[in-house]
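Residue numbers for the sequence shown follow the working numbering, beginning at -4 and rising by one.
Every residue, glycine too, gets a C-beta built ideally from N, C-alpha and C.
It should be emphasised that the depicted structure is a prediction, and the values quoted were computed from it without experimental measurement.
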Amino acid sequence: MQSKMDLGTAAYDGVEEIVAKNQRLVQQLNTGIHSANEVLSIVSQITNERIDGSTEIRLPFQTDFGRNLHIGKKVFINSGSMFVDLGGIYIGDHVLIGPNVTIASVNHRLEPSERRNLDLDSVCIHNNAWLGANVMVTPGVIIGENAVVAAGAVVTRDVPPNAVVAGIPARVIKVIKNTKEDQK
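Below, the structure written as structure tokens:
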């Protein structure tokens, strides 16, 4: 879902308030020693949604907003991942996210006088997707069910279900056949 947010508006000011609170929580999360349950509890405070106990999040964990990050069940998020979620990031169940992945749902405008304003476009990662190390997902992308994004790829377009993509920009290099869903 695309939308815009302009500097100096009430909506922008409301975001800044949440960012200030959540950045303290992110800092607390990444500078302390925490049990797995404590990590999930702090991330739940950041997202304002309960994170299922079957999800595993490795630190450090970064988000610039937090409230528009939705994490499914049995998700694995490896260390160093960054979620730029003001535009919305939706992570389905059983998703694997490799180390140092960046998922961005926010962009800036090209016009220099408008550049501080934001263009928001949600990212959706469907069930059973796997994002390898150092992947970059850009605003507005949908990654299909069972898709695999190879390490280092920059995803600028939607990824079909059961596809393997690689490269900069990411392109389909293979289709996964004989998934369990195909056998039903």
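Reduced DSSP secondary structure (H/G/I, E/B, other) of residue i
i	result
residue 145	coil
residue 169	strand
residue 8	helix
residue 50	coil
residue 136	coil
residue 112	coil
residue 36	helix
residue 20	helix
residue 14	helix
Cβ-Cβ distance between residue i and residue j below 8 Å
i	j	result
residue 240	residue 96	This structure gives no information on residue 240, because the portion of the chain shown stretches from -4 to 179.
residue 61	residue 17	yes
residue 52	residue 34	yes
residue 40	residue 54	no
residue 65	residue 44	yes
residue 165	residue 150	yes
residue 79	residue 99	yes
residue 49	residue 82	no
residue 157	residue 138	no
residue 23	residue 46	no
N-terminal and C-terminal residue of the beta strand (DSSP E) that residue i is part of
i	result
residue 118	118 to 120
residue 98	97 to 99
residue 159	158 to 161
residue 64	64 to 66
residue 58	56 to 58
residue 76	76 to 79
Cβ separation of residue i and residue j, assumed to be a contact under 8 Å, to the nearest whole Å
i	j	result
residue 142	residue 124	5 Å
residue 93	residue 115	In fact, because the Cβ distance is near 25 Å, the residues do not count as touching under 8 Å.
residue 122	residue 89	6 Å
Spatial neighbours of residue i in its chain, beta-carbon cut-off 6 Å, leaving aside the 5 residues before and after
i	result
residue 168	159, 161
residue 163	149
residue 91	71, 125
residue 42	61, 64
residue 155	139
residue 76	92, 96
Close beta carbons around residue i, own chain, < 7 Å, minus the five adjacent residues each side
i	result
residue 74	53, 54, 55, 94
residue 104	110, 112, 114
Close Cβ partners of residue i (< 8 Å) along its chain, the five nearest in sequence each way excluded
i	result
residue 152	136, 164, 165
residue 32	48
Extent of the continuous alpha helix (DSSP H) run through residue i
i	result
residue 28	Unbroken run through residue 28: none, as it is neither H nor E.
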